[in-house]
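Structure, as structure tokens:
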Ligand code: NDP
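In the numbering used here, the protein residues as written are 745 to 1052.
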């Protein structure tokens, strides 16, 4: 029987632990973690992500604000906001929601954030620390996947892990973290030769590609654990029906929203081959915010000189 890895349940447990730790911290006289988000422009998906992060942060008992900036702001203005947050002692952690408008250089912004406050772990110093096994905030999606595997008691040590996707946000940091767990890691991308054969070797197969239902049963070895990072919108009714035939809930979603969200894995066709699999939605997605809060809590502890 294939085990469905319930990211929502794991994320809920993680958020509850963070909230409880925050409560204990405050009861002991420390200040609550301060997490500030910066949103530039009015991209609807970014607004949605930031709203979810702010809501989860409040629920965990954190302090902080969301700073909204017009899409037309200059890079200088964004850097000034970051400088102010870097200097503000009540801010333990911050993030600038990506993507940024074209006039703003993403690298300049990410590098301006004090590495000790870089909750996304995107600053080059934190990227470097991850690769030399020094303590640093790790990108939340990747670290959240490790947490899911650990809590689901999926052995990572000695496992063959294959990641499809080499982005700086997901694929690369996950490779570093899986290696730290003693997995043997292969990272694939658009130039990988015979992707199917490489993927079939995996005990743990991670899809972080950004292409709806790209990974099929031909990529999955019998009994593999399949982690689907993808978030893709399918607005073609025939494609939606083909991916989830006869699924009344998804059909209803399609009728109301005009699209459904699917992962990078062809879920229904892969289901029978995998020993465990994350659904989309409800798999990796919820872990990202839960891990972000865990990162912020840890950063606050460190800035306040508190023990974990
Ligand atoms: P990127 O677009 O930055 O990277 C995609 C990667 O997939 C690239 O390395 C690319 O290879 C590879 N790729 C593309 N096509 C192929 C192919 N035909 N065969 C093999 N590899 C291929 O994406 P992200 O890492 O940012 O995101 C991946 C997915 O995860 C997206 O759907 C995104 O929405 C989702 N996501 C979900 C999150 C969550 O919280 N659940 C968080 C972040 C992302 P190459 O480098 O050669 O171009």
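C-beta atoms are modelled at their ideal positions from N, C-alpha and C, and glycine is treated no differently.
- Here residue 840 has 782 and 853 as same chain residues with Cβ atoms under 6 Å from its own Cβ, once five neighbours each way along the sequence are excluded.
- In the DSSP assignment, the residues bridged to residue 932 are 908.
- Within its own chain, no residue has a Cβ closer than 7 Å to the Cβ of residue 757 once the five positions on either side in sequence are excluded.
- When only Cα atoms are considered, residue 932 and residue 897 end up about 25 Å apart.
- Under the three-pair Cβ rule at 8 Å, the stretch 945–955 counts as touching the stretch 895–911.
- Residue 976 and residue 939 have their C-alpha atoms roughly 21 Å apart.
- Looking at 795, 855, 1001 and 808, the one whose alpha-carbon comes closest to that of residue 834 is 808.
- The C-beta distance from residue 867 to residue 859 rounds to 5 Å, short enough to fall under 8 Å.
- Taking the CA atoms as reference points, residue 766 sits about 8 Å from residue 806.
- Shortest gap from the CB of residue 1029 to any heavy atom of ligand 1: under 7 Å.
- According to the DSSP assignment, residue 1028 belongs to no beta strand (DSSP E), since it is labelled neither H nor E.
- In this structure, the C-beta of residue 939 approaches ligand 1 to less than 7 Å from one of its heavy atoms.
- Burial is judged here by how many other beta carbons sit within 10 angstroms of a residue's own beta carbon; residue 1043 has at least 16 and is buried.
- Residue 769 counts as buried, since at least 16 other C-beta atoms from the protein chains shown sit within 10 angstroms of its C-beta.
- Contiguous alpha helix (DSSP H) elements confined to the stretch 933–985 occur at 939–944, taking only those with 4 or more residues.
- The residues 925, 926 and 927, in chain order, have a CB closer than 8 Å to that of residue 901 in the same chain once the five nearest residues on each side in sequence are set aside.
- For the 8 Å CB-CB criterion, residue 890 and residue 921 form a contact.
- Judged by their CB atoms, residue 1010 and residue 959 are nearer to each other than the 8 Å cut-off.
- By a beta-carbon distance limit of 8 Å, residue 936 does not contact residue 914. Their separation comes to about 16 Å.
- Rounded to the nearest whole angstrom, the CA to CA distance from residue 1002 to residue 771 is 48 Å.
- Remark: the C-beta of residue 975 is in contact range of ligand 1, defined as less than 7 Å to any heavy atom.
- Shown here, residue 1017 sits in coil according to DSSP, grouped into three states, outside any helix or strand.
- Its Cα nearest to that of residue 1040, the residue 780 stands out among 748, 1028, 764 and 780.
- According to the DSSP assignment, residue 870 belongs to the alpha helix (DSSP H) that extends over 868–875.
- In the same chain as residue 804, and ignoring 5 residues on each side of it, the C-beta atoms closer than 7 Å to its own belong to 759, 762, 763, 766 and 1037, in chain order.
- Secondary structure at residue 913: coil, using DSSP grouped into helix, strand and coil.
- DSSP lists 782 as the beta-bridge partner residues of residue 811.
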